[in-house]
Structures are given as structure tokens and as C-alpha cells.
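Numbering (this note's numbering), first residue to last: 10 to 276.
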């Protein structure tokens, strides 16, 4: 490590908030599995006990932000939402998953990593604290950690979905500009689509409530002509979400292909 870089540690949350308040330009890190160089001053929260625990309730999990990916995966396929488990199962190798944290996966500034799309589709909520107050933010409204705050907890709803599709796009076991994750969740009732979630996350994230609401209430199976129209709308929404982000055409094509595949699973 460069001699001009300093890593601080904290034994509990009170110490974390004290250091955030008294040390300027302090950057929070978890398992330090990212390949980017460390900032000049970092605070490791990997061993803070309050951030390393999780609880299961009837309708949700509460994961501390420093819970490792390996610990979450160990909760098991029968307990976790299927798209979250599939995302964890295909991520990295065991040594990396033993270090990497769910909070680090969410907060990486340059790219939305693999768990972001499942959490976005599942309507996860984030608990942010600064020592004096606690805020709860739906992940769909998350735009980064406010100054002086810490991501302390991730609440993941437990719901049953008739159709649940997770796909990781791009090269395996490495994060590049081509890396992204896609999630499609759907429920039906009386031959109609009653609930729908479509999420994409990579160099930018995409979840269009407008597109989801347009589909909810559709009679099943969805006609081929309607799927073609929906694909055109998905293309428009994708481009709108990408904004000025440079996206390789093949990534957009892959997104549209998995949307089409997912829609065709509705019978």
C-alpha cells in the first residue's frame, strides 16, 4: 500500500460515526475486493458487529451492510428469493465471496454490480444512519450515500413469484463495461398479469414503472403482436434510462432478448 494512504478501523457504530464526523474526505470500505486503488483515507467497517448480522422475519430479511456474500448465499435456496440466490450463486469465487459485502456491492460508484438488479426488482429498502438520524430509502430512489451517512442495513422483501428470471450478461467472473444483470418477476391471477418487475443494472440501472404498469392487467398469453409492441417500448425506455451512457449495442440486444424470453414465459 502507498505510504501516503491511511486505513482506519472502527470497533462499533459509534466509532464509525465519530470518525466520519472528525476525519475529512473519509471513504468507507467493506471487504476491499474492488480492483480500483484505495482513496487516500479509508475506514473499514468490515468488522463492525452491528453491520455483520442479519435477521429473517415473516415478510423480509434485514441484512447488515457488512454481511458477506458467502453468508447470504449460505442462507440457502429455499429461504432466499430465487433471483437473489441465483445472482449470488454465479458471483465470483468462494474466497472473494467470503470477503465481499452486500453493502459494497450496492455502493460501488462506477458500476452497478450483480446484486443491484435483484434488489431493485425486489423493492429492497436501504437504512442510512449518521449518528443523529436514520433514513429509509427505497433502492429505486437511491443515488448514493449522503455525506456523513453510512449504509447500515438492507431490507429484502420475501415474496412468491410465479415467473422469476435472472440473467447475468457479459463475461463471467469479471466486471467490465459489458457486465450487467437482468431480473424479470411476474405474478398472474385469473388469466391476467397481476404484478410485474423488470430490472437491469450495469453501467447504468433501469427499472421503468411506466413499462411495468403498461403490462399489468394484460390477458394471458400475451399475443405476439403485443409482445412486438412492448419490445419497442422497452427499447425506448432502455435508451431513455441510458441517457448519455455509452452502451455497446450487443448489451442492448441482450437486454431486449431476455425481455422477450421472459414475456414468452407468461402462459
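The beta-carbon is built from N, C-alpha and C at its ideal position, and this holds for glycine as well.
Inclusion of residue 54 and residue 19 in the CB contact set at 8 Å is warranted, their separation being smaller than that value. Close CB contacts of residue 24 within its chain, under the 6 Å cut and outside five residues either way in sequence, are absent. When secondary structure is reduced to three states using DSSP, residue 245 falls in the helix class. Between the C-alpha atoms of residue 92 and residue 156 there is a straight-line separation of about 32 Å.
By the criterion of at least three beta-carbon pairs nearer than 8 Å, the segment 143–158 is not in contact with the segment 47–66. According to the DSSP assignment, residue 172 belongs to the beta strand (DSSP E) that extends over 172–178. Just measuring C-alpha positions, the residue of 105, 201, 139 and 268 sitting nearest residue 191 is 268. Between the alpha carbons of residue 114 and residue 122 lies a distance of about 6 Å. The three-state reading of DSSP puts residue 237 in helix, counting H, G and I together. Residue ranges of uninterrupted beta strand (DSSP E) with 3 or more members, entirely inside the segment 38–100 and ordered along the chain, are 50–53, 63–65 and 69–73. Counting along the chain, the unbroken beta strand (DSSP E) around residue 136 starts and ends at 134–138. Within the segment 150–230, the complete beta strand (DSSP E) runs of at least 3 residues fall at 159–166, 172–178, 189–198 and 201–210.
Around the beta carbon of residue 85, fewer than 16 other beta carbons sit within 10 angstroms, so the residue counts as exposed. At a Cβ-Cβ threshold of 8 Å, residue 71 and residue 164 count as neighbours. Nearest to residue 174 by alpha-carbon distance, out of 186, 188, 225 and 196, is 196. When the beta-carbon positions are compared, residue 135 and residue 148 come within less than 8 Å of each other. DSSP places residue 31 in no beta strand (DSSP E) but in the uninterrupted alpha helix (DSSP H) bounded by 22–31.
For residue 42, the number of other beta carbons within 10 angstroms of its own is at least 16, and it is reported as buried.
As the crow flies, the alpha-carbon of residue 168 is around 44 Å from that of residue 14. Proximity of the segment 208–223 to the segment 254–265 meets the contact definition, three or more beta-carbon pairs being nearer than 8 Å. Rounded to whole angstroms, the Cβ separation of residue 160 and residue 235 is 40 Å, and the two are not in contact under 8 Å. Taken atom to atom, the span from the alpha-carbon of residue 120 to that of residue 176 is near 17 Å.
Annotation for residue 204: 196 place their beta carbon closer than 6 Å to its own, counting only its chain and skipping 5 residues before and after.
In this structure, residue 106 places its C-beta atom within 8 Å of the C-beta atom of residue 82.
Between residue 207 and residue 221, the C-beta gap is smaller than 8 Å, which places the two residues in contact.
Listed in chain order, the non-local C-beta contacts of residue 166 below 7 Å within the same chain comprise 68, 69, 131 and 132, local neighbours out to five positions each way being set aside. Under the three-state reduction of DSSP output, residue 262 falls in the helix class.
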